[in-house]
Amino acid sequence: MQNEPVDVLIIGAGASGAATAWSLLETRMRILCLEQGPHLEDKDYPSRDDGYELARYGNFSCDPNVRGLKQDYPINADDSCITPVNFNAVGGSTINFLGHWPRMKPSDFRTLSLDGVGADWPLDYDTLAPFYDMNDRNTGVSGLGGNPAYPDYAPELPPIPIGKLGQTLAKGFNAKGYHWWPSDVSILSQDHDGRHKCVNAGTCDLGCAAGAKGGTNFTYWPMLENAGVELRSECRVREILVDQLTGFATGVLYHGADGQLHEQKAELVVVACNGVGTPRLLLNSKSKAFPDGLANRNGMVGKNLMFHPLTGVTGVFGEPMLGHEGPMACSILSQEFYETDSTRDFVRGYGLHSGRSTTPMTFALGGYGIDSPIPWGAEHRETMDNVYPYLAGLTVVSEDLPEEQNCVTLDPDMTDSDGIPAPKITYRLGENTRKMLRHGEERAKEILLAAGAKKVLSKADDKVWWRAGWHQMGTCRMGDDPTTSVVNGWGRSHDVKNLFIVDGSIFPTAGAVNPTSTIQAMSLYIGDRIKTNIETLFE
Amino acid sequence: MWTQTQRTLLDTILDELVPPSNDGTIPGAGSLGVADFLPTADAYAPNPVEATQAVMTALGDSFVELTRPEKVAALHLIETQQPDAFATLVRLTYMGYYSRPDTRPLFGVGAHPVHPQGYPVPREDEALMDELTAPVRARGKVYRDAK
Chain Y
1 MQNEPVDVLI IGAGASGAAT AWSLLETRMR ILCLEQGPHL EDKDYPSRDD GYELARYGNF
61 SCDPNVRGLK QDYPINADDS CITPVNFNAV GGSTINFLGH WPRMKPSDFR TLSLDGVGAD
121 WPLDYDTLAP FYDMNDRNTG VSGLGGNPAY PDYAPELPPI PIGKLGQTLA KGFNAKGYHW
181 WPSDVSILSQ DHDGRHKCVN AGTCDLGCAA GAKGGTNFTY WPMLENAGVE LRSECRVREI
241 LVDQLTGFAT GVLYHGADGQ LHEQKAELVV VACNGVGTPR LLLNSKSKAF PDGLANRNGM
301 VGKNLMFHPL TGVTGVFGEP MLGHEGPMAC SILSQEFYET DSTRDFVRGY GLHSGRSTTP
361 MTFALGGYGI DSPIPWGAEH RETMDNVYPY LAGLTVVSED LPEEQNCVTL DPDMTDSDGI
421 PAPKITYRLG ENTRKMLRHG EERAKEILLA AGAKKVLSKA DDKVWWRAGW HQMGTCRMGD
481 DPTTSVVNGW GRSHDVKNLF IVDGSIFPTA GAVNPTSTIQ AMSLYIGDRI KTNIETLFE
Chain L
1001 MWTQTQRTLL DTILDELVPP SNDGTIPGAG SLGVADFLPT ADAYAPNPVE ATQAVMTALG
1061 DSFVELTRPE KVAALHLIET QQPDAFATLV RLTYMGYYSR PDTRPLFGVG AHPVHPQGYP
1121 VPREDEALMD ELTAPVRARG KVYRDAK
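Chains as they are written, first to last, in the working numbering: chain Y, 1 to 539; chain L, 1001 to 1147.
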């Protein structure tokens, strides 16, 4: 079944697809976005239900293998210590992300030059800064200006409350003489732009029923649909089609909401499926011209997968910390150990995030993203009554370095509900990361004790959090050298001149911050480059 | 779903997995009725009834007659012998227990659905934030230039 051709076809309605569409609006090109998930309605948000926590283990799990919904694709992570997590709906993973909004830093774009590891980006912080600002205005960002860990900028809205937990930990950082700062968040601290402020529900992972969190279902998509961008939900792209003579992308084949296979032609194809979905789609788009997958003549598609490996340390304090009140992951952030320090046994660094603690069921089941229930019996009673209410913790969020053997390939057997091969993750923790996490755990213990913790709880093993694969980067890296990168410095495929990639897969390095702010800034930057180069776009 | 005999056994097991507080102010999972949740939990575990029945069968009806230490010892034995079924029962017991609105306030969490009401958390006033951040600001820049 064929459809009317469009100028721009965007695959994926999450963070990057939405921002790219917004950037291209002014071109007056006909823009179509295909999204494999549905539009969520207000009734779909579980936080309006009495038993809201249960959804975390069912149809609102962050893990597609747990959700197993029609729009989800399974992921084989048997050969990985971290499993990717996501959400498939209009808004993508900004539906269930936690809204933490730190920017990358100037050194993140120059790790090879500065530290001899990773790769330099083809652009720098200063180039991206105006696009960070532009995206922040579109999204609504709360925070405190003057953070000494960044070149000067100021969030538009005042910070969200850091709460008793954040105030307590801040005193611990101050006692140690370490940096910390109220978290920048894409969560509204006051009513803004027709949206309501955060109600401190503490369940950001279950979607924000208040609309206060900066999911693109609340930020970009209402603007885009009003402006005439066509969004077809429940449409899963099977493969990107290519003209075998010219090597240009001609459009896609997709499974529509009607259950039929459709062909959609387009002049320009933008892939916005993030660090696992994008290489999966390219590897599934095989043809005579691209027998190993689209845009993959150099074999780099799927390689250099990076996450942000995490571990956590928790302190037990003398009074209730009320950690379930307030945005789930965001209170304060320390970047004391972010930059390389030659006196340490690792390069690059990590952040110490003070998330809030969680609700009783999730704590009893091991914590968010962890399947390790606390003991049953008398010890259970003791833990829930005398430990749980008094917790405040720090999460060590480490920078991952690109390694080719960490990769996304296609699983030979597993498929989604449309029979499309599923991704397979091969990933191991690098030694540099292990050292970094150990260092972070030790510092976190010191800080918690300095903050007044009566005792510190830490794990007996060195395992990282299993469901920590929120941030999926590097698998279609950008670069100036076509032999070592998949796209150029503004997201255009080296092999296919009318194919662009705009998501986290193009990151050459990962930094140690939540990437969505940077993903969207990059999308706006790429949109700007497309507009600037429109006359010679395909040369 | 459960016969009277099964229900008595299951409530006894559940009251050991999540026991009541010593002062009786916090009920155990059995007396709170978590047994009713288990047959409805197939969205959270495959075959929840099968797992529950496996544990019940292994313990036998005489479990209810045991002393507390004997019950705990019997449960530890089954945990070793049937780890998958036991782990499923424990996990579902926690889900059934803590998903109840009447349970959450016992741990300082609101009974209400978190939307639309949420929680009233006041933003720190500027003076407090200035005081807290003063040492950080005093240290100055903590990032590297990349030029």
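Every residue, glycine too, gets a C-beta built ideally from N, C-alpha and C.
Bounding residues of the beta strand (DSSP E) (the contiguous stretch that carries residue i)
{"i": "Y/T278", "result": "Looking at the DSSP string, Y/T278 is not in any beta strand (DSSP E); the run it does join, the alpha helix (DSSP H), is 274–283."}
{"i": "Y/F570", "result": "As shown, chain Y starts at 1 and ends at 539. That puts residue 570 of chain Y outside it, with no answer to give."}
{"i": "Y/H262", "result": "261–271"}
{"i": "Y/S398", "result": "391–398"}
{"i": "Y/K455", "result": "455–457"}
{"i": "L/D1015", "result": "Where L/D1015 is concerned, there is no enclosing beta strand (DSSP E), although the alpha helix (DSSP H) it sits in stretches over 1004–1017."}
{"i": "Y/V242", "result": "236–242"}
{"i": "Y/V408", "result": "407–415"}
{"i": "Y/L310", "result": "310–316"}
{"i": "Y/E230", "result": "230–232"}
Proximity to residue i [Cα-Cα], best of the options
{"i": "Y/Q335", "options": "Y/V502, Y/L394, Y/P360, Y/L352", "result": "Y/L352"}
{"i": "Y/H494", "options": "Y/R428, Y/A444, Y/A295", "result": "Y/A295"}
{"i": "Y/G207", "options": "Y/T94, Y/A18, Y/C476", "result": "Y/T94"}
{"i": "Y/P106", "options": "Y/A18, Y/D416, Y/A149, Y/L9", "result": "Y/A149"}
{"i": "L/T1088", "options": "L/A1051, L/H1076, L/F1063", "result": "L/A1051"}
{"i": "Y/M473", "options": "Y/L112, Y/F290, Y/G277", "result": "Y/G277"}
{"i": "Y/S398", "options": "Y/P423, Y/S372, Y/F346", "result": "Y/F346"}
{"i": "Y/D152", "options": "Y/V487, Y/M300, Y/F248, Y/D126", "result": "Y/D126"}
{"i": "Y/F455", "options": "Y/K435, Y/N386, Y/V502", "result": "Note that residue 455 of chain Y is Lys in the sequence shown here, rather than Phe. Nearest of Y/K435, Y/N386, Y/V502 to Y/K455, Cα basis: Y/N386."}
{"i": "Y/S233", "options": "Y/F218, Y/I240, Y/H255, Y/V396", "result": "Y/H255"}
{"i": "Y/D191", "options": "Y/G140, Y/Q520, Y/L24", "result": "Y/G140"}
{"i": "Y/Y132", "options": "Y/P102, Y/P158, Y/L157", "result": "Y/P102"}
{"i": "Y/R344", "options": "Y/K435, Y/H262, Y/T395, Y/L305", "result": "Y/K435"}
{"i": "Y/N533", "options": "Y/T27, Y/I10, Y/G419, Y/A468", "result": "Y/T27"}
{"i": "Y/K176", "options": "L/R1144, L/P1135, L/A1146, L/V1142", "result": "L/P1135"}
{"i": "Y/F173", "options": "L/Y1143, L/R1137, L/R1144, L/K1147", "result": "L/R1137"}
Beta-carbon contacts of residue i that lie in its chain and below 7 angstroms, excluding the five residues immediately before and after
{"i": "Y/P320", "result": "P389, Y390"}
{"i": "Y/I332", "result": "I162, G166, L169, A170, W180, W181, P182, S183, S354"}
{"i": "Y/K288", "result": "Q244"}
{"i": "Y/S458", "result": "V313, E441, K445"}
{"i": "Y/R529", "result": "W490"}
{"i": "L/A1035", "result": "W1002, R1007, L1010, D1011, L1014"}
{"i": "Y/G479", "result": "A119, P122, S485, P508"}
{"i": "Y/D115", "result": "T340, V347, R348"}
Terminal residues of the alpha helix (DSSP H) in which residue i lies
{"i": "Y/D113", "result": "Correcting the residue type first, residue 113 of chain Y is Ser in the shown sequence and not Asp. 111–115 is the span of the alpha helix (DSSP H), which, as asked, contains Y/S113."}
{"i": "L/V1090", "result": "1083–1098"}
{"i": "Y/D528", "result": "516–532"}
{"i": "Y/H255", "result": "Premise fails: Y/H255 lies in the beta strand (DSSP E), 249–255, not in any alpha helix (DSSP H)."}
{"i": "Y/E446", "result": "431–450"}
{"i": "L/V1049", "result": "1048–1059"}
{"i": "Y/T139", "result": "125–139"}
{"i": "Y/P222", "result": "220–226"}
{"i": "Y/A424", "result": "The sequence shown places Lys at residue 424 of chain Y, not Ala. Run containing Y/K424: none in the alpha helix (DSSP H); it sits in the beta strand (DSSP E), 421–427."}
{"i": "L/L1132", "result": "1126–1139"}
{"i": "Y/G166", "result": "163–176"}
Within chain C, partners of residue i - CB distance below 8 angstroms
{"i": "L/P1122", "result": "This model lacks chain C altogether; the protein chains it does include are Y and L."}
Residues near residue i by beta carbon distance below 8 angstroms, same chain, minus five either side
{"i": "Y/A392", "result": "L165, T168, L169, T314, G315, F317, M321, G323, S354, S357, L448, A451, A453"}
{"i": "Y/V464", "result": "C81, I82, P309, L310, T311, L429, L437"}
{"i": "L/A1054", "result": "Q1082, A1085"}
{"i": "Y/T362", "result": "E53, R56, Y368"}
{"i": "L/L1124", "result": "For the sequence presented, residue 1124 of chain L should be read as Glu rather than Leu. Closer than 8 angstroms at the Cβ level, and outside the excluded window around L/E1124, lie L1132."}
Contacts around residue i, its chain only, beta-carbon distance under 6 angstroms, and the 5 residues preceding and following it disregarded
{"i": "Y/L268", "result": "V8, N498"}
{"i": "Y/G37", "result": "Q71, N88, A89"}
{"i": "Y/P158", "result": "S189"}
beta-carbon residue i near the ligand COA non-hydrogen atom, thresh 7 angstroms
{"i": "Y/W465", "result": "As far as ligands go, the structure on display features none, and thus does not contain the ligand COA."}
Query raised in the report: Which parts of the region 4–88 of chain Y are runs of the alpha helix (DSSP H), unbroken and 4 residues or longer, counting only runs that do not cross its ends?
Result: 15–24, 64–67
**Report entry** 4-residue-minimum alpha helix (DSSP H) runs that sit fully inside the region 327–383 of chain Y, ordered along the chain
**Finding:** 360–364
Report task. Quick one: which residues of the region 492–517 of chain Y get their C-beta closer than 7 angstroms to a C-beta of chain L? List them in chain order. Result -> none
Query - Residues of the region 1036–1047 of chain L with Cβ closer than 8 angstroms to any Cβ of chain Y, in chain order - result: A1043, Y1044
Query raised in the report: Quick one, which residues of the region 311–339 of chain Y are near chain L if we go by CB-CB under 8 angstroms, in chain order?
Result: P320, L322, H324, E325, G326, Q335, E336, Y338, E339
Query - Short-range partners of chain L found in the region 71–103 of chain Y, where Cβ spacing is below 9 angstroms - result: none
Query - Residues within the region 174–202 of chain Y neighbouring chain L, beta-carbon criterion of under 8 angstroms - result: Cβ proximity to chain L below 8 angstroms picks out N174, G177, H179, W180, W181, P182, S189, C198, V199, N200, A201, G202 from the region 174–202 of chain Y.
Query raised in the report: If you measure beta-carbon to beta-carbon, which residues of the region 248–271 of chain Y are closer than 9 angstroms to chain L?
Result: none
Report task. Would you list, in chain order, the members of the region 34–60 of chain Y that have their beta-carbon closer than 8 angstroms to a beta-carbon of chain L? Result -> Going along the region 34–60 of chain Y in chain order, one finds Y45, S47, R48, D49, D50, G51, Y52, E53, L54, Y57, G58, N59 with a Cβ nearer than 8 angstroms to chain L.
Query - Positions along the region 1044–1078 of chain L whose CB lies within less than 8 angstroms of some CB in chain Y - result: Y1044, V1072, L1075
Requested in this report: Check each residue of the region 1104–1122 of chain L: if its Cβ is closer than 9 angstroms to any Cβ of chain Y, include it; give the result in chain order.
Outcome: R1104, L1106, F1107, G1108, V1109, G1110, A1111, H1112, P1113, V1114, H1115, P1116, Q1117, G1118, Y1119, P1120, V1121, P1122
Query raised in the report: Between the region 375–397 of chain Y and chain L, which residues of the former have CB atoms less than 7 angstroms from a CB of the latter, in chain order?
Result: Here the close residues are W376, G377, A378, H380, R381, M384, D385, Y388, P389.
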